[in-house]
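**Student:** Add 170 to a position in the sequence shown, counting from 1, and you land on the number used in this note's numbering.
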Amino acid sequence: MIPVATPPFLLVSRSAEYETRLRSVLGERLTVVPGEFLTFGPEAVVTRVPERPRIALLGPVLNYEETKGLVEALTAKHPSLGLIVVREQRSDLEDWVDELALHAVLNPDATDETTLALLDRLAAWLVANGHAEAHDFDAPPALEIDDMPFVDLEPADFDLVADEPAIETEELVEPEPEPEPEPAAPEWEFPPIEAGVPTEAIAVVAPKGGQGKTTIAINLATGLAEIAPNSVVLVDADLQFGDITAALALEPERTIVDAVADTAADELVLKTTLTHHDDGFFVVASAPSPELGDQVAPAALAELIDRLRATFRYVIIDTTPGLGEHTLITLEHVTDAVFVTNMGVPSLRATRTEFELLTKIGLMPGNRHVVVNQTDKNSGLTIKDVENIIGAPVDIEVPKSSAVLFASNKGVPLIHDDVRDPAAKAIRSIVLRIAPEAFPKRSKIQRRRRTNEPE
Ligand SMILES: Nc1ncnc2c1ncn2[C@@H]1O[C@H](COP(=O)(O)OP(=O)(O)OP(=O)(O)O)[C@@H](O)[C@H]1O
Ligand SMILES: [Mg+2]
171 MIPVATPPFL LVSRSAEYET RLRSVLGERL TVVPGEFLTF GPEAVVTRVP ERPRIALLGP
231 VLNYEETKGL VEALTAKHPS LGLIVVREQR SDLEDWVDEL ALHAVLNPDA TDETTLALLD
291 RLAAWLVANG HAEAHDFDAP PALEIDDMPF VDLEPADFDL VADEPAIETE ELVEPEPEPE
351 PEPAAPEWEF PPIEAGVPTE AIAVVAPKGG QGKTTIAINL ATGLAEIAPN SVVLVDADLQ
411 FGDITAALAL EPERTIVDAV ADTAADELVL KTTLTHHDDG FFVVASAPSP ELGDQVAPAA
471 LAELIDRLRA TFRYVIIDTT PGLGEHTLIT LEHVTDAVFV TNMGVPSLRA TRTEFELLTK
531 IGLMPGNRHV VVNQTDKNSG LTIKDVENII GAPVDIEVPK SSAVLFASNK GVPLIHDDVR
591 DPAAKAIRSI VLRIAPEAFP KRSKIQRRRR TNEPE
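Structure (structure tokens):
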């Protein structure tokens, strides 16, 4: 018998509908073991898994105990397996991620594009870390029934795989010929905002430079895009030295200069000035030079934020350090502000002054999130000390981590580059504070805290 490559992806799920969808996306690269086998324990599933799967998708419709049992049994047999739980966003999801040591969570309603992007990313990560070879993720050659690498399959399951017609590549790449789009039409779909859903604008600010604003803004956009794919826009309003596109390895064709120009007054034209990121969000790139950035008037930036809020569920604005005119007007047009500081006394003192000033002039946004970044046990200060200096409670502590620089150098958002990194987990909890509707239990508590004004 000729050696047959193992399908790299494994799905264990009780949803026939999801199975059909995933099969249409992955074709022969997918093996499915129905979740019903879990009635007989995780081993009943593991014995039905072919030789060496590389990535397992568990769910939907599996409970915590079943998922835990499966994770343990699968990783005991396949230690380098990539693990994804397919489950809606719920308040307990973070606990699942922490306790089960998962690589990723995928919403069952995610688009095929998002699903494939996630699988590609995890595959690349497994390859980069020596857990798999790039060719493992290629489609296996068409299988003869005698070559099927399964054991113990019920006839019904067997039929599902063996009778699936091989999909011709042409069928995939030759959809209906589309009429030529308008020259300037954006190629991405912008999901409409449902009536009654409030849009949120979040400014990421810091009185001093280099505190981590851009890192946090990028990862906020990435995390919120999981909840609202293609309904998140990240504005690089660090007008002179914005570096978001560099940190995301994007090559923008248009920038904020185009976005605020008169010609972008029309919504369709405005959309063409955005750059799409594969993780499901858009970027308004910073000006191509400091001189051009200087020409963006504060009022034009404010108008841009307001107009983006008409189209996007979340608008995130990375800012210039300090409280210049642009940052002040930005704060006037947002619902939330994320204040970033490190544990250095000068930065903490400046944060206190910033809070006092904003409160005095009435520009403290309704929802405030205080993030202490690059925390370090050896800084000589405790968080209590930090709170005393800034005169306000700290909401999130993001530890110092080399994974931050590593992700930025690769051009990948940290929370997708290294899901288990402690800084990535801390930044995810900022996402939870901002998206309470997705995580009701946890956020209720945090909504109460975050409306506190500084003392
Ligand atoms: N938690 C962290 N651990 C380690 N390094 C970090 C952390 N957060 C940010 N950094 C690093 O600190 C540097 C500054 O971060 P970042 O660019 O996000 O800050 P910024 O506030 O946007 O800076 P600027 O004011 O220059 O725009 C970067 O090199 C980044 O990789
Ligand atoms: Mg920055």
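Here a beta-carbon is modelled for each residue, glycine too, at the ideal position from N, C-alpha and C.
What do you get for asparagine 277, buried or exposed, if any count of 16 or more other CB atoms within 10 angstroms of its CB means buried?
**Tutor:** With 16 or more Cβ atoms within 10 Å of its Cβ, asparagine 277 is classed as buried.
**Student:** Within 10 angstroms of its Cβ, does threonine 481 collect 16 or more other Cβ (buried), or is it exposed?
**Tutor:** The residue in question, threonine 481, is buried, as its Cβ has 16 or more Cβ neighbours within 10 Å.
**Student:** Taking the Cβ atom as the reference point for each residue, do valine 430 and leucine 462 lie within a distance shorter than 8 Å?
**Tutor:** Cβ atoms of valine 430 and leucine 462: not closer than 8 Å.
**Student:** Taking 6 Å as the limit, tell me which residues put their C-beta closer than that to any heavy atom of ligand 1, in chain order.
**Tutor:** Having a Cβ closer than 6 Å to some heavy atom of ligand 1 are Ala376, Gly379, Gly380, Gln381, Gly382, Lys383, Thr384, Thr385, Asp408, Pro491, Asn543, Gln544, Val568, Lys570, Ser571, Val574, Leu575, Ser578, Ala593.
**Student:** Assuming histidine 273 contacts glycine 252 (C-beta within less than 8 Å), just tell me the rounded distance between them.
**Tutor:** That belief holds up - the Cβ atoms of histidine 273 and glycine 252 are roughly 5 Å apart, short of 8 Å.
**Student:** Please report the Cβ distance between aspartate 591 and serine 571, rounded to the nearest whole angstrom; I am assuming they are in contact, meaning their Cβ atoms lie under 8 Å.
**Tutor:** Going by Cβ atoms, the distance from aspartate 591 to serine 571 rounds to 6 Å, so yes, they are a contact pair.
**Student:** What does DSSP give as the partner residues of serine 183 in its beta bridges?
**Tutor:** Looking at the DSSP assignment, serine 183 forms a beta bridge with Pro204.
**Student:** Just to check, is the beta-carbon of aspartate 506 closer than 7 Å to a non-hydrogen atom of ligand 2?
**Tutor:** Checking every heavy atom of ligand 2 against the Cβ of aspartate 506, none is found closer than 7 Å.
**Student:** Name the residue from Glu235, Val466, Arg224 whose alpha carbon lies nearest to the alpha carbon of histidine 248.
**Tutor:** Nearest of Glu235, Val466, Arg224 to histidine 248, Cα basis: Arg224.
**Student:** Quick one: what does DSSP say histidine 446 is sitting in, helix, strand or coil?
**Tutor:** Strand at histidine 446.
**Student:** Does ligand 2 have a heavy atom nearer than 7 Å to the CB of histidine 413?
**Tutor:** Going by the sequence as given, residue 413 is aspartate instead of histidine. Under cutoff, so the answer is yes.
**Student:** For aspartate 406, name the three-state secondary structure that DSSP assigns.
**Tutor:** Strand, per DSSP.
**Student:** Report the option in Thr497, Leu232, Asn400 whose CA atom is closest to the CA atom of glutamate 283.
**Tutor:** The shortest Cα separation from glutamate 283 among Thr497, Leu232, Asn400 belongs to Asn400.
**Student:** Would histidine 539 count as contacting chain B if we go by Cβ distances under 8 Å?
**Tutor:** Here there is only one protein chain, and chain B is not present.
**Student:** Measuring straight from C-alpha to C-alpha, what distance separates threonine 176 and glycine 412?
**Tutor:** The alpha-carbon atoms of threonine 176 and glycine 412 are separated by roughly 45 Å.
**Student:** Can you look up proline 491 in the DSSP assignment and give me helix, strand or coil?
**Tutor:** Coil, per DSSP.
**Student:** How far does the beta strand (DSSP E) with glutamate 274 in it extend, from its first residue to its last?
**Tutor:** Correcting the residue type first, residue 274 is alanine in the shown sequence and not glutamate. Counting along the chain, the beta strand (DSSP E) containing alanine 274 begins and ends at 274 to 276.
**Student:** Ligand 2 and aspartate 268: does the residue's C-beta get closer than 7 Å to at least one heavy atom of that ligand?
**Tutor:** Answer for aspartate 268: no, Cβ out of range of ligand 2.
**Student:** What residue from Thr281, Glu423, Ile600, Leu232 has the CA that sits closest to isoleucine 566's CA?
**Tutor:** Of the listed residues, the one whose Cα sits closest to isoleucine 566 is Ile600.
**Student:** Classify proline 351 as helix, strand or coil using the three-state DSSP reduction.
**Tutor:** In this prediction, proline 351 scores a pLDDT of 47, lower than 50, which makes its location untrustworthy; the coordinate-derived value is nonetheless stated afterwards. DSSP places proline 351 in coil when its eight states are reduced to three.
**Student:** Can you check which of these residues, Val427, Thr415, Met513, Leu575, is closest to asparagine 548 by C-alpha distance?
**Tutor:** Minimum Cα distance to asparagine 548 is reached at Met513.
**Student:** Can you give the Cα-Cα distance for threonine 425 and proline 458, rounded to whole angstroms?
**Tutor:** Roughly 7 Å between the two C-alpha positions.
**Student:** Measuring CB to CB, does threonine 369 end up less than 8 Å from arginine 479?
**Tutor:** Taking 8 Å as the Cβ cut-off, threonine 369 and arginine 479 qualify as a contacting pair.
**Student:** Do three or more CB pairs link the region 176 to 193 to the region 217 to 231 at distances below 8 Å?
**Tutor:** With a cut-off of 8 Å, the region 217 to 231 and the region 176 to 193 count as touching, because enough Cβ pairs lie within range.
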